[in-house]
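Asks: Please see the structure below; I have some questions.
Chains as they are written, first to last, in our numbering: chain G, 38 to 237; chain B, 38 to 237.
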């Protein structure tokens with residue numbers, strides 16, 4: 038029975054809700070923001086800084102191996118970012134080794150690949166993601182659909198770049214996941230119940 | 038309850054077996070080769086010709102709309118192929134309108150889009166597809182893994198081209214499906230049971 042589950046998700050697709058519901062059903066730990074909290078405790082770094090680092094890749098165009106192999110001169114922002122990624126990876130590994138769990142985002146599927154996690158990717162079409170953002174977000178009422186779409190695309194672009202930088206794989210490419218679920222026009226509750234059957 | 042299910046599948050991924058098992062579980066009709074049989078009955082065309090047409094696109098680089106819009110001079114092989122696609126589409130529509138069913142391949146997800154089918158895509162990694170071909174195929178024993186890999190890639194390339202020609206969408210792009218399932222290292226029986234929960 039595979040009980041380490043990683044979730045990649047498009048912004049607004051309901052991936053977090055899938056994760057929470059699945060964690061409840063399977064009675065396993067759920068880690069998302071908890072990873073940032075733990076990192077803040079260990080490093081005294083400000084939350085806003087950690088979140089900003091999570092949303093960007095360290096250096097444009099150079100994959101992590103190249104930056105190291107060619108001995109690029111020390112670059113403190115880069116070093117800080119790599120250090121945050123490294124510490125987050127350690128926290129993720131500790132969490133996964135401690136107990137069965139669900140981990141959202143943060144390249145966990147790649148970091149934990151030797152533990153053979155069940156790798157989920159949650160996505161939806163743009164209309165559905167906009168509608169979900171409006172349902173969930175208090176500030177969404179103040180922006181137009183076009184602005185919301187731009188925000189969604191921008192966040193997903195950052196996620197894709199971050200993932201690609203550290204894993205050298207394409208974010209959202211189905212080959213890297215065991216199951217890809219389109220949440221368009223479907224209740225998340227129903228989806229979580231169905232996903233459970235893939236895992237147990 | 039959605040009871041029209043379309044299945045796109047990589048060669049060797051077990052997509053047909055998923056379809057058959059799912060049809061049994063849901064007690065609905067299953068159409069795959071049956072579409073070719075029906076077409077042969079209606080047209081008197083040879084099976085080998087129909088199968089060959091299904092495996093290729095009519096004209097390189099020109100999408101179906103362009104070929105028609107610009108009034109390209111009559112091209113009998115092209116006309117025959119378009120006619121076969123049209124008749125297959127009609128058969129698929131008749132089948133879907135007759136009763137709940139599962140339809141494998143043949144752009145059924147696109148042809149039946151107004152009926153809002155549940156669109157599945159089944160895939161697997163290359164090692165797993167080679168292993169499955171060896172399990173299933175009597176002639177597979179005579180070929181090397183490399184030859185088998187080339188055969189798998191060539192069939193999937195044809196499927197992708199055929200699909201893209203008629204639908205102007207990318208075959209296997211998760212955006213066009215409701216659920217994409219990686220069958221690598223997993224029993225098809227278990228997968229079929231889990232997929233059922235997404236549908237009922």
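Where is the CB? At the ideal position from N, CA and C, for every residue including glycine. The structure displayed is predicted, hence computed values, not measured ones.
By a C-beta neighbour count over all protein chains shown, 10 Å radius and 16 as the cutoff for buried, is residue 59 of chain G buried or exposed?
Replies: buried
Asks: For residue 204 of chain G and residue 48 of chain B, I'd like the C-alpha separation in whole angstroms.
Replies: 27 Å
Asks: Kindly identify the DSSP beta-bridge partner or partners of residue 139 of chain B.
Replies: B:42 and B:67
Asks: Where does residue 220 of chain B land, buried or exposed, given buried means 16+ other C-beta within 10 angstroms?
Replies: buried
Asks: Please determine if the stretch 147-157 of chain B and the stretch 197-212 of chain G are in contact, where contact requires at least 3 C-beta pairs separated by less than 8 Å.
Replies: no
Asks: Nearest chain G C-beta to residue 235 of chain B closer than 8 Å, yes or no?
Replies: At a cut-off of 8 Å between C-beta atoms, residue 235 of chain B counts as an interface residue with respect to chain G.
Asks: So, is the C-beta of residue 145 of chain B closer than 8 Å to a C-beta in chain G?
Replies: no
Asks: Looking only at its chain, what residues have a beta carbon closer than 8 Å to the beta carbon of residue 149 of chain G, apart from the 5 residues adjacent to it on each side?
Replies: 41, 43, 129, 130, 133 and 140
Asks: Any C-beta of chain B sitting closer than 8 Å to the C-beta of residue 230 of chain G?
Replies: Output row for residue 230 of chain G: interface = yes.
Asks: Measure the CB-CB distance between residue 161 of chain B and residue 234 of chain G and report whether it falls below 8 Å.
Replies: no
Asks: Given this structure, state the Cα-to-Cα distance separating residue 168 of chain B from residue 183 of chain B, to the nearest angstrom.
Replies: 12 Å
Asks: Closer than 7 Å by beta-carbon distance: list the chain B residues that pair up with residue 215 of chain G, in chain order.
Replies: 219
Asks: Closer than 9 Å, Cβ to Cβ, to anything on chain G: give me those residues from the stretch 147-178 of chain B, in chain order.
Replies: Per Cβ criterion, the list reads 153, 156, 158, 160 and 162.
Asks: Considering only C-alpha positions, which residue in the set B:189, B:145 and B:159 is nearest to residue 170 of chain B?
Replies: Closest in alpha carbon position to residue 170 of chain B, among B:189, B:145 and B:159, is B:189.
Asks: Mind listing, in chain order, the continuous beta strand (DSSP E) runs of no fewer than 3 residues lying wholly within the stretch 145-219 of chain B?
Replies: 155-160 and 216-219
Asks: Under three-state DSSP, which class holds residue 98 of chain B?
Replies: Bear in mind that the predicted position of residue 98 of chain B carries a pLDDT of just 44, short of 50, making it unreliable; the figure below should be weighed with that in mind. In this structure, residue 98 of chain B counts as coil in the three-state DSSP scheme.
Asks: Going by C-alpha distance, which of B:206, B:144 and B:166 is nearest residue 68 of chain B?
Replies: The residue with the shortest Cα to Cα distance from residue 68 of chain B is B:144.
Asks: Suppose contacts are defined by Cβ-Cβ distances below 8 Å. Is residue 229 of chain B in contact with residue 55 of chain B by that definition?
Replies: Against a cut-off of 8 Å, the Cβ pair of residue 55 of chain B and residue 229 of chain B comes out as a contact.
Asks: Among residues of its own chain, excluding the 5 on either side of residue 216 of chain B, which ones have a beta-carbon nearer than 8 Å to its beta-carbon?
Replies: 155, 156, 157, 158, 232 and 235
Asks: Using only alpha-carbon positions, find the residue among G:172, G:147 and G:114 that is nearest to residue 201 of chain G.
Replies: For residue 201 of chain G, the closest C-alpha among the options G:172, G:147 and G:114 is that of G:147.
Asks: When Cβ atoms are compared, which residues of the stretch 198-215 of chain G fall closer than 8 Å to chain B?
Replies: Going along the stretch 198-215 of chain G in chain order, one finds 209, 211, 212, 214 and 215 with a Cβ nearer than 8 Å to chain B.
Asks: With distances taken between CB atoms, is the gap from residue 138 of chain G to residue 237 of chain G smaller than 8 Å?
Replies: no
Asks: Excluding the 5 residues flanking residue 72 of chain G on each side, which residues of the same chain have their C-beta closer than 8 Å to its C-beta?
Replies: 125, 128, 129, 132, 140 and 143
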